Amino acid sequence: MKFVVIPKHDQIRVPALSLLAERGQLKLREFEAPLSKYFGLSDDEVQEEYESGNGKIFYDRISWALSYMNMAGLLSKPKRGVYGISELGREKLKSPESINQFIAAELAKKQENKPNKSNKVALDETNLTPQEELYDSAKKIREARYQELIDTILSKKPREFENLVVWLLQRMGYGGEVKQSGLVTSYTNDGGIDGIIKEDVLGFGRIHIQAKRYAQASSVGRQEIQSFVGALAVAQSNKGVFITTSFFSKGAVQYAEGLNGSTTLILIDGQKLAEYLYEYGVGVQVEHTVQIKKLDSEFWDSMENEADGSDL
1 MKFVVIPKHD
11 QIRVPALSLL
21 AERGQLKLRE
31 FEAPLSKYFG
41 LSDDEVQEEY
51 ESGNGKIFYD
61 RISWALSYMN
71 MAGLLSKPKR
81 GVYGISELGR
91 EKLKSPESIN
101 QFIAAELAKK
111 QENKPNKSNK
121 VALDETNLTP
131 QEELYDSAKK
141 IREARYQELI
151 DTILSKKPRE
161 FENLVVWLLQ
171 RMGYGGEVKQ
181 SGLVTSYTND
191 GGIDGIIKED
201 VLGFGRIHIQ
211 AKRYAQASSV
221 GRQEIQSFVG
231 ALAVAQSNKG
241 VFITTSFFSK
251 GAVQYAEGLN
261 GSTTLILIDG
271 QKLAEYLYEY
281 GVGVQVEHTV
291 QIKKLDSEFW
301 DSMENEADGS
311 DL
């Protein structure tokens with residue numbers, strides 16, 4: 001099969017899924033050679049980069065093909081950076097012509113189920129201005145990175161997660177200028193507290209942290225929140241942050257919201273955790289910067305205008 005141009009990510013999906021069905025598990029870089037052979041790409045086409053110099057086009061499109069299939073449940077990720085085909089993927093591969101339609105439907109369903117509907121981006125991108133399309137693209141990239149962040153956290157030991165959330169709160173400004181403001185408690189006698197942030201030099205103000213590294217399908221329930229509030233009482237603390245990689249049950253959220261004013265408890269679920277990590281630059285780095293410029297009104301207003309065209 002020979003393509004005139006480098007295939008788009010939606011053209012890469014089925015061949016990539018078939019490759020996984022044939023070979024089992026593959027790392028991202030292991031897709032490039034067999035897929036380039038499948039599409040009949042030359043070495044120059046495989047190595048071709050974006051005009052910005054921000055990476056190879058074909059490699060990047062393979063990555064996006066895998067990302068979309070992963071979000072639709074067609075792939076499994078047995079460990080960090082390794083892809084496999086899920087049972088759903090094997091089933092859908094029996095009708096390869098419907099795979100792209102299935103992925104589009106699954107992504108639309110996830111978009112529809114988002115709680116903050118006012119922030120949803122229209123799926124019909126033809127109605128977007130070029131600037132809106134740029135912002136939409138940036139949003140999609142962020143959301144893909146959010147999932148990568150959670151996947152990476154789940155591949156690490158629970159103790160590393162406790163360190164991570166302390167670093168994050170410090171990066172967010174909690175602890176201020178206090179030296180060694182963050183503390184991860186010992187495993188043997190933590191009293192239900194995983195970390196502590198000192199808000200002042202003498203330690204009068206403290207934020208206590210509970211960190212639960214749960215699989216994304218496992219919720220944090222009301223009982224766990226109650227236990228943490230009890231631990232705060234024992235520690236004589238009125239400030240707590242409960243952070244998880246998964247989500248909180250309805251009962252857990254209602255209990256936290258119903259606490260009296262003497263205790264302030266903040267719940268941070270996996271989605272919000274990923275957003276904070278991304279926003280405050282913890283475990284991520286800037287890959288590329290795009291500048292959007294507008295006319296400088298003060299600059300142009302300082303110049304004398306033509307007199308109504310009378311001299312033209």
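Our numbering applies: residue 1 is where the sequence shown begins, and numbers increase by one. For each residue, glycine too, the CB sits at the ideal point set by N, CA and C. Small disclaimer: the values here were computed from a predicted structure and weren't measured.
Residue environment: methionine 69 is assigned as buried (16 or more neighbouring CB atoms within 10 Å of its CB, all protein chains considered). Cβ contact annotation for isoleucine 266 (same chain, cutoff 6 Å, sequence separation greater than five): Val241, in chain order. Classified as exposed, histidine 288 has fewer than 16 neighbouring CB atoms from the shown chains inside 10 Å of its CB. The C-alpha of valine 5 lies about 18 Å from the C-alpha of valine 14. Distance check between glutamate 177 and each of Ile197, Glu160, Asn163, Leu164 places Ile197 closest, using alpha-carbon atoms only. One thing to note: valine 82 has its Cβ within 8 Å of the Cβ of glutamine 25.
Per the C-alpha coordinates, the member of Tyr59, Tyr50, Ala108, Asp10 positioned closest to proline 34 is Tyr59. In this structure, glycine 283 sits away from serine 246, with a CB-CB distance that is not shorter than 8 Å. Listed as beta-bridge partners of glutamine 210 by DSSP are Phe242. In this structure, the beta-carbon distance from glutamate 162 to alanine 211 falls below 8 Å. Glutamate 48 carries a coil assignment under DSSP once its states are collapsed to helix, strand and coil. Contact between threonine 185 and glycine 173 is absent: CB atoms are separated by about 22 Å, not below the 8 Å threshold. As computed with DSSP, tyrosine 83 is found in a beta bridge with Leu26. Listed as beta-bridge partners of phenylalanine 248 by DSSP are Val220. Threonine 264 is bridged by DSSP to Lys239.
If the five residues before and after serine 237 are omitted, its C-beta is found closer than 7 Å to the C-beta atoms of Arg206, His208, all from its own chain and listed in chain order.
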